[in-house]
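Right, one structure below, let's go through it.
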Amino acid sequence: MVVKERKSYIYKMNFIYRRTLFKFCLIIISSIMLLGVNDVRRPAPEVTVHNIRELSVNIGQKFMVVTSDPSATDAAYNILKQGGNAVDAAITAQFVLGLTEPQSSGLGGGAFVLYYQNDKDLLVSLDGRETAPFSATTDMFKRDGKLMNFYDAVLSGKSIGVPGTPALLGELYSKYSSIDIHKLIAPAYNMASQGFYISDGLKKSMEADKERLSKNEKSYSYLFKKNKIKNLEYAASLTDFAEKGYESFYQEPLSENIIEVSAENGGNLKQVDFDNYTIKYRKPVCGYFQEHKICSMGQPSSGALTMLQILKMIDHNPSWHNYIEASKLAFADRNFYIADPDYVITPGDNLLDDYYLSSRKDLIKDDAILDNPLYGNPPNWNNNDQFSGIDYNESGTTHISIIDAYGNALSMTSTIESAFGSRKMSNGYFLNNELTDFSFSSEANGNKVANRVQGGKRPRSSMTPTIIFDPITNKPKIIIGTAGGSRIIGYVTQRIIDMLYHEKSIIESISAPHFLSRGAEIEAERETEITKALKSIGHKINFRSLPSGLNGIYIDHQKEQIIGASDPRRIGTAKGE
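Structure (structure tokens):
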């Protein structure tokens, strides 16, 4: 398919600049309980590859793509160079990532997408989260009347949900793509058929997870018994996608292969679960910080609501002390309220109500530190039948940021939950363990937990694909997201404060050490002047490795320049022109 050349949207921005003007608490529970800090079932984070390369930066004027794997970035770049749009490039990148970065995402997982269509000035968000089987019950993760150990659950078939990524890519292709699907699958197909070498990032993840991977002979043999990997099953799956459509992934024999793997390991997936899987168009959740419109993914993701709560509470004074304190308050609400809105009535946007957040903000003091703050009581809400629940982290996750030559912007975070998901393969790809993102306990103090297991439900997520709009042009200015489990929210929020308030470049911001709070404690990557200042006023900080995978794009409309940057903690790259 031939795509007509168009003048780059970015070149038009000076003209736009010339014409556009600046336009308390009911049930006692500590946040330590909320986050389950001492719970032995908490998953270990995916390995971050340190010191492999410096921060990858690329500067262009027409388009840019940033992913966590060089092969995926190169493939997406070539699609953009051929005239493809952001959706075309994202589809190509995700197919490659499922092959070369299987510890993080793939066709056996799920994803969220935020997509801005420039010619229609339209922002859409798509929910491709995995779903529980309809037969799932609230005691699914119990064995002999007791909650299962986390990794026992992960490695069982009970953890595998109906994958959403194939349907999401299919929906994106049918609605927004401009290039023939055979061209989009070609890079991944060729690598799968001809073989590819294991990257340093994949190698590190394999070594870190070798013991668990060894429990499944097929997965272990695929990864460990060769330096150059061929994956003919994956190539065949891609051919099915191109020739039969994404629907083939939800029909026999591909669906039956997944059902068999699930059943062999104690899972309950059935064909009816695949027959009824659908992509959900969710309303993007947007708010303002430092006069910029910030949009991200709504429920079942907790990302947008939690991030925007933090930013709105501190917009008047974005000190790092206030950021930490607001994070504690926002996570208390997150853990109590947020879940799949198709199954649980939640406060939703009421959590961003100005009057409510003003009352929450009043709890933050310059000379005091919040200790285990409780959830609040947003307007028009009765929470008498609900209680907080412990959840776990997506640690096998990746992010794609893209701006194309037509001004379309895409922010996509995809996952298989833990590194290598359930450690089980089918059809050439790893299957997720996303259902362990549900709260294992369905009740607490006689009340139902919002994020409890229910048949057909989507588990709560922390993925936060984000697009920030320029207050003058009303066009995308920053595209960003990351891996990192529930720390994703803090990673992205910290960068927004850095760039919009402290006026750091995207390069400085992504390179900066992490520090955040998820309610129970403050975590930091290493000692800095900021952490010293926080400790001087009484904050206690735990220093540890904080894996992430930030991939961001900054569009400087005034300079007609696009800057892409990929997290030095992974092996990702930025590429554009």
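Quick note: the sequence shown, position 61, residue 60 per numbering that gives the first Met the number 0, numbers continuous. The beta-carbon is built from N, C-alpha and C at its ideal position, and this holds for glycine as well. As the structure is a prediction and not an experimental result, all values here were calculated from the model.
In the three-state reduction of the DSSP assignment, M63 falls in the strand class. Within the DSSP secondary-structure output, G395 pairs in a beta bridge with E416.
For the pair of segments examined, the segment 440-449 was found not to touch the segment 271-291: the number of CB pairs separated by less than 8 Å stays below three.
In the structure shown, the three-state DSSP call for A449 is coil. In this structure the segment 287-300 touches the segment 113-128; the number of beta carbon pairs closer than 8 Å is three or more. In terms of Cβ geometry, A71 and A92 form a close pair [threshold 8 Å]. By the neighbour-count criterion, in which 16 or more other beta carbons inside 10 Å mark a residue as buried, S565 falls on the buried side. According to DSSP, S421 shares a beta bridge with no other residue. Contact between G375 and G265 does not hold, since their C-beta atoms are separated by about 39 Å, which reaches or exceeds 8 Å. In summary, I570 is buried, with 16 or more beta-carbon neighbours lying within 10 Å of its beta-carbon over all protein chains present.
Scanning A329, L106 and K174 for the CA closest to the CA of N371 turns up A329. By the C-beta criterion, the segment 468-480 is judged to be in contact with the segment 398-410, since at least 3 inter-stretch pairs fall below 8 Å. With 16 or more neighbouring CB atoms inside 10 Å of its own CB, Y115 falls in the buried class.
Annotated three-state conformation of S535 is helix, per DSSP. For T305, the three-state secondary structure derived from DSSP is helix.
From the listed residues D353, F273 and G82, the smallest Cα separation to L310 is found for D353. Closest in alpha carbon position to P69, among T345, L98, Q493 and Y219, is L98. Its chain contains L54, R494, L549, G551, A564 and D566 as the residues whose beta carbon lies nearer than 7 Å to that of I509, once the 5 sequence neighbours on both sides are disregarded; these appear in chain order. According to the DSSP assignment, A523 belongs to the beta strand (DSSP E) that extends over I521 to A523. At least 8 Å separates the beta-carbon of D436 from that of P470. The secondary-structure analysis by DSSP pairs H291 across a beta bridge with F288.
DSSP places A573 in the strand class (E or B) of the three-state scheme.
For L430 and Y322, the gap between their C-alpha atoms comes out near 36 Å. Boundaries of the beta strand (DSSP E) around N541: I540 to F542. According to DSSP, residue pairing for I471 in a beta bridge does not occur. Burial of V452 is indicated by the presence of at least 16 other C-beta atoms within 10 angstroms of its C-beta. The criterion of a C-beta distance shorter than 8 Å is satisfied by V65 and S400.
DSSP places F335 within a helical segment (H, G or I) once states are collapsed to three.
It is roughly 10 Å from the alpha-carbon of W380 to the alpha-carbon of Y336.
Under the DSSP definition of a beta bridge, T130 partners with V161. Taking the CA atoms as reference points, E216 sits about 13 Å from V260. Excluding its 5 nearest sequence neighbours in each direction, Y188 has C-beta neighbours in its own chain below 6 Å: A234 and L237, listed in chain order.
If you look at K279, you'll find it in the beta strand (DSSP E) that goes K279 to R281.
Excluding its 5 nearest sequence neighbours in each direction, K360 has C-beta neighbours in its own chain below 7 Å: M312, listed in chain order. Using a Cβ distance threshold of 8 Å, F542 and I529 do not count as a contacting pair.
The beta carbons of L146 and I90 sit about 39 Å from each other, so the pair does not count as a contact at 8 Å.
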